[in-house]
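What follows is a set of notes on a single structure, which appears directly below.
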């Protein structure tokens, strides 16, 4: 193999990470129209209690503030973590603490028209479980418990793990593996006419844990929350108020108001885990191109 050909090969491997499957960017034109929320790159996009929406729809996630839950309760901001170790293309995350009432909300994701189909990607890492862990809900549609006008009309990703939906749950105790702790993973949930599908991924291979579970229904609310809706203060029958003092970090969230196909979901899962080209790799590419140009001119 000639030297300049070797350089080109090294360049390809360093930039691409080797031979990978087909990737699909979250905002690819084929699916970008249904992308309603994209929270990513907290180091750049999270400041002052607001996580800016990268979807272009302007659905920024902001601190909830004061809500009347059997008396005024003020929800504060989570904290920025610049030292996060994540599975996706981020080295930063937003930390939610179990001993603090921290909660973000991105309201009106679908024009208050309700959702009968949806797809949610969430990249997070549970660092500590405590209290009644099955009530921990890192992200999801709904409203703060005890303030709901439509009680139970929610779609939350429960931490036991399960989908907390329609005043009940889907999949609790039925998953093929325990909820990962201290492991960054990608959790993907889809609801369509067939019910709920879900994947827990720590590699580029999709790992299904639910297929057509439960029944389809329309989520009449379209406020999307990050952080535990219970927030450790809302009374729950038989549980008291300190229901879910669990700590977790969220590095990326994608919400679509449609049911993506298996192929599209696999492509985004692949994209999330594809490393950004390192500066050294880009320098090798430039060197290889220069050498190739020089040799062609000499010939």
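Residue numbers (this note's numbering): -3 to 295.
Cβ atoms here follow ideal geometry from the backbone N, Cα and C, with glycine treated the same way.
With 16 as the cutoff for other CB atoms within 10 Å, does residue i come out buried or exposed?
i: residue 70; result: exposed
i: residue 250; result: buried
i: residue 179; result: exposed
i: residue 204; result: exposed
i: residue 197; result: buried
i: residue 4; result: Here the model assigns residue 4 a pLDDT of 44, short of 50, so the residue's position is not dependable, and the following value carries that caveat. Result: buried.
i: residue 82; result: buried
i: residue 68; result: exposed
i: residue 43; result: exposed
i: residue 61; result: exposed
i: residue 167; result: buried
Roughly how many angstroms lie between the CA atoms of residue i and residue j, to the nearest whole one?
i: residue 92; j: residue 183; result: 17 Å
i: residue 123; j: residue 27; result: 32 Å
i: residue 20; j: residue 258; result: 12 Å
i: residue 50; j: residue 33; result: 7 Å
i: residue 238; j: residue 96; result: Caution applies to residue 238, whose pLDDT of 44 falls short of 50 and renders its modelled position unreliable; the value that the coordinates give is listed next. Approximately 11 Å, taken between the alpha carbons.
i: residue 165; j: residue 207; result: 15 Å
i: residue 153; j: residue 222; result: 10 Å
i: residue 271; j: residue 104; result: 33 Å
i: residue 217; j: residue 80; result: 32 Å
i: residue 54; j: residue 29; result: 13 Å
i: residue 202; j: residue 75; result: 30 Å
i: residue 13; j: residue 150; result: The predicted position of residue 13 is uncertain, since its pLDDT is 40 and thus under 50; a value taken from the coordinates is nonetheless stated next. Those two C-alpha atoms are separated by around 40 Å.
i: residue 25; j: residue 106; result: 19 Å
i: residue 200; j: residue 46; result: 30 Å
i: residue 263; j: residue 158; result: 24 Å
i: residue 181; j: residue 265; result: 11 Å
i: residue 48; j: residue 56; result: 5 Å
i: residue 195; j: residue 94; result: 25 Å
i: residue 188; j: residue 117; result: 15 Å
i: residue 31; j: residue 210; result: 24 Å
i: residue 190; j: residue 177; result: 30 Å
i: residue 18; j: residue 260; result: 10 Å
With a cut-off of 8 Å, does the C-beta of residue i fall near any C-beta of chain C?
i: residue 165; result: Checking the listed chains, one finds no chain C in this structure; it contains a single protein chain.
Is the beta carbon of residue i less than 8 Å from the beta carbon of residue j?
i: residue 58; j: residue 72; result: no
i: residue 101; j: residue 219; result: yes
i: residue 114; j: residue 23; result: no
i: residue 256; j: residue 160; result: no
i: residue 119; j: residue 247; result: yes
i: residue 215; j: residue 137; result: yes
i: residue 112; j: residue 212; result: yes
i: residue 84; j: residue 268; result: yes
i: residue 244; j: residue 121; result: yes
With respect to 7 Å, is the separation between the Cβ of residue i and the closest non-hydrogen atom of the ligand NAP below this value?
i: residue 120; result: What this structure holds is no ligand at all, so the ligand NAP is not there to describe.
Runs of beta strand (DSSP E) wholly within the stretch 20 to 106 (minimum 3 residues, chain order): You should have 31 to 35, 57 to 59, 61 to 64, 68 to 71, 75 to 77, 89 to 92, 100 to 102.
contact_flag[the stretch 33 to 50, the stretch 76 to 92] where n(CB pairs < 8 Å) is 3 or more: When Cβ pairs closer than 8 Å are counted between the two stretches, the stretch 33 to 50 is seen to touch the stretch 76 to 92, the count reaching three or more.
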